[in-house]
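Participant: FYI, the numbering for the sequence shown is 14 to 174, going by the numbering used here. Backbone N, C-alpha and C fix where the C-beta goes; we use that ideal spot for every residue, glycine too. Please see the structure below; I have some questions.
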Amino acid sequence: GTPEDLLFFYEHLRKGGRVFRVDQCLLLYRYHAQAATNSVLERTIWTHRVLFLEERILSHWTSFTIWNAGKQGRKLFRSLSPANQNKVTAFCDVDKNKITKGFYTYEDAKETSKPRIPILHFKEASPPLIICVKLDLTDGQFEENLSLLNLKEGVDYYHFN
């Protein structure tokens with residue numbers, strides 16, 4: 014299947030459309046077994062999201078940090094084009110075990126010398142950042158950590174979750 018609503022939204026943005034945050038429900042999706050949504054694979058949506066991120070954001074950056082050295086951050090890294098993988102200067106995280114490990118090695122890379130990307134504490138990270146952390150799952154700890162850095166969303170960081 015094709016994620017038509019997502020593609021419509023992306024085309025809206027490409028044509029200069031704007032988005033405003035509204036803190037109330039404007040649309041309610043109703044699930045049923047025959048819904049076309051069921052024919053759209055998660056992988057298809059992921060691919061479109063990554064391509065849009067590369068087109069609209071990463072193409073303007075010379076380097077960036079991925080916030081999350083865990084599963085989602087590594088998945089994003091592996092999904093990026095080689096040119097954008099080369100722009101990743103570090104991963105950052107709060108997990109002491111990941112930080113102590115020191116590096117993420119991309120074993121599936123085609124190069125004989127496998128890329129080793131440093132894993133830093135989030136306070137040591139250099140913007141811009143792509144944040145791959147799900148919101149509202151840490152009792153506000155992630156949001157508090159992010160606010161400590163005094164960064165501006167849409168300039169210094171973007172959420173990709």
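Just grab the DSSP bridge partners of W80 for me.
Facilitator: C105 and I144
Participant: Taking just the CA atoms, how far does S160 sit from K147?
Facilitator: 16 Å
Participant: If you measure between the beta carbons of F65 and I79, is that distance less than 8 Å?
Facilitator: no
Participant: Under 8 Å between the Cβ atoms of T118 and R129?
Facilitator: yes
Participant: Quick check on the DSSP output: the alpha helix (DSSP H) that includes L20 runs from which residue to which?
Facilitator: E17 to R27
Participant: Taking F155 as the reference, give the member of P141, P140, Y42 and K136 with the closest Cα.
Facilitator: K136
Participant: Between W74 and V101, what straight-line distance do the alpha-carbon atoms span, to the nearest angstrom?
Facilitator: 10 Å
Participant: Please state the DSSP three-state secondary structure of L133.
Facilitator: strand
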